[in-house]
Every structure is written in structure tokens, then in C-alpha cells.
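Quick notes on the structure that follows.
Written out as C-alpha cells, the structure reads:
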């Protein structure tokens with residue numbers, strides 16, 4: 001097995017990605033190999049990796065890596081493709097609530113290596129097919145695939161852990177709503193006191209519960225959301241870096257550059273150059 005921080009990465013961009021098609025329940029991306037698919041930090045999402053080494057039906061393996069777990073990659077080195085599926089914990093818990101898998105508590109995915117699951121494979125291949133077709137079947141279809149995959153995970157690879165006695169009254173919906181608000185308000189100032197008030201908690205209790213559910217403090221989680229938004233805007237090639245800094249909620253371009261490099265190991269300009277070198281449309285504005 002190979003620790004991710006011991007691997008060398010040859011690219012930072014997938015072959016295909018669902019973000020360009022507006023998938024908002026989960027993100028799916030295709031890579032040439034698993035060694036290219038992971039960043040240097042523990043993921044803020046649950047990860048599903050589907051690795052095909054030869055014919056799809058006969059030679060594949062699946063890993064399930066829960067949010068914030070160390071990423072180990074005991075993959076074979078020969079690869080036809082590697083499919084990476086990223087599921088935000090808040091979205092999985094929302095599906096669990098709506099589907100009746102959980103009344104209260106937290107959903108914990110089980111860590112699985114070298115899993116053989118034909119249904120999970122088929123759902124992944126349908127998602128890959130939709131990426132290859134340019135998202136032709138639309139949002140209703142992609143949402144349906146996303147929901148089926150998450151329900152399958154909930155049925156077969158999850159457990160519900162109870163809330164502790166100090167947070168019995170906390171509804172997972174409250175943290176989910178806070179995260180949704182954060183996503184929708186990245187270009188604005190978001191005081192922690194406002195988020196705590198939205199969740200009907202004291203500030204200290206909110207920070208503790210938020211970290212318990214996501215693995216990060218609200219401030220760190222917000223920074224990572226802003227980095228992901230800025231990466232999406234860079235990949236779109238339609239907005240300059242100065243405008244991206246403002247749209248993603250950074251104080252100024254210098255602040256944006258410092259945090260982006262801290263999280264990704266690259267400056268925004270270098271990241272944009274790497275993206276533009278992998279697309280026929282090199283119209284990135286780097287001013």
C-alpha cells in the first residue's frame with residue numbers, strides 16, 4: 001500500500017469532471033490513475049474509488065474511504081481508468097434522514113479496500129457514461145444516479161453513531177443548512193456568530209458540533225469551500241484571477257494566493273496554466 005503523501009503526482013486535473021455539468025449532490029471525476037486523483041490533505045468528503053485494470057466486468061476493485069481518513073492506495077499500477085466519487089458528509093446525512101436510515105446521530109461509512117460490488121460498479125459506470133456524453137441526460141438523471149449510489153452505501157456500508165448527551169437536540173439538518181448557506185454566500189463576509197445563530201447554538205457549542213460532524217472548524221471548512229469555488233472558476237476560463245479572488249470571498253488577491261498555495265501546493269496562476277495546458281481552449285485570463 002502507498003501513502004498518498006509518498007506518491008508523486010503528474011497532473012492536477014481529471015480527464016472528465018462532473019462539476020462542469022452542475023452536479024451538486026456529489027462530484028465524479030475520471031483520472032488516468034489513482035496516484036493523480038488525490039491532493040496532499042485529508043479529504044473533507046467521503047471518497048469512493050473505482051479502479052479498472054482490464055475489462056470492466058472482470059478486473060476492477062473499489063475502495064470506500066470515509067471523510068478525514070488517511071488515504072491509502074493499494075492499487076495495481078496498470079489502469080484503464082480510475083473513477084473518483086466525492087460525497088459531502090452533510091449530503092449523505094441529508095439523504096439518510098430523508099430515506100429513513102437515520103433519525104438522529106451521525107452516519108459513519110465503513111472503510112473498505114478491494115471491494116467487489118457489481119451494483120456499485122454499475123452505478124459508477126453509468127455516471128462515467130454520462131460524463132462521456134457531456135451530461136446529455138440532464139440534472140434529474142444525474143441526481144437519480146447520485147441518490148441511488150448514496151442509498152446503496154447507506155444500506156450496505158454505513159452505521160449510525162449516536163449523538164453524545166450534550167447534543168441530543170441537534171438536528172443534522174441545522175448543520176446541513178449552515179453549510180448550504182456557506183456555499184451560497186462565499187463572496188460575502190460570514191461571521192461565525194451569524195452561523196451559530198442560524199444553527200440555534202452558542203458559538204462554542206456550534207464550533208464543537210460543526211467539527212464533530214465535518215472534521216473541521218467552521219473557519220477551516222469555509223476556506224476549503226472558497227478554494228474549491230476558486231478552482232471551479234479557474235477551470236471555467238471565463239474570469240480573471242483578481243475577479244476570482246473577490247467572487248470566492250478572499251480579502252484580496254494576495255490573501256487568495258497565500259491560502260490557495262497553502263491548500264493546493266500551487267499558486268492560482270500556476271494552477272490555471274496547468275488547467276489551460278490540458279484544454280484546447282486556452283483563454284484563461286491570468287492578470
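Residue numbers (the UniProt record's numbering): 1 to 287. From the three backbone atoms N, C-alpha and C, an ideal C-beta is built for every residue, glycine too. Since the model is a prediction, treat every value here as computed from it, not as a measurement.
- Using a Cβ distance threshold of 8 Å, residue 50 and residue 110 do not count as a contacting pair.
- Look at the region 111-138 and you find these whole runs of beta strand (DSSP E), each 3 residues long or longer: 112-115.
- With respect to residue 28, residue 127 sits close: the two C-beta atoms are nearer than 8 Å.
- Annotation: residue 71 is outside any alpha helix (DSSP H) and is labelled neither H nor E by DSSP.
- Where residue 82 is concerned, the enclosing beta strand (DSSP E) starts and stops at 81-87.
- Distance from the CA of residue 115 to the CA of residue 249, rounded to the nearest whole angstrom, comes to 40 Å.
- Here the C-alpha atom of residue 157 lies approximately 11 Å from the C-alpha atom of residue 120.
- For residue 112, the closest C-alpha among the options 66, 102, 202 is that of 66.
- Going by beta carbons, residue 107 and residue 154 fall inside the 8 Å limit.
- Take the alpha-carbon of residue 205 and the one of residue 13: they are about 38 Å apart.
- Contact check for residue 190 against residue 182 passes: the beta carbons are separated by less than 8 Å.
- A straight line joining the alpha-carbon of residue 208 with that of residue 101 spans about 24 Å.
- Around the CB of residue 45, 16 or more other CB atoms lie within 10 Å, so the residue is classed as buried.
- According to DSSP, residue 60 shares a beta bridge with 52.
- Beta-carbon to beta-carbon, residue 25 and residue 146 are separated by about 4 Å, close enough to satisfy the 8 Å threshold.
- Remark: three or more beta-carbon pairs, one from each stretch, lie closer than 8 Å, so the region 228-244 and the region 262-277 are flagged as touching.
- For residue 122 against residue 81, the beta-carbon gap comes to about 15 Å, at or over 8 Å, which does not count as contact.
- Residue 272 is a Cβ neighbour of residue 234, given a cutoff of 8 Å.
- DSSP places residue 276 inside the alpha helix (DSSP H), whose first and last residues are 268-276.
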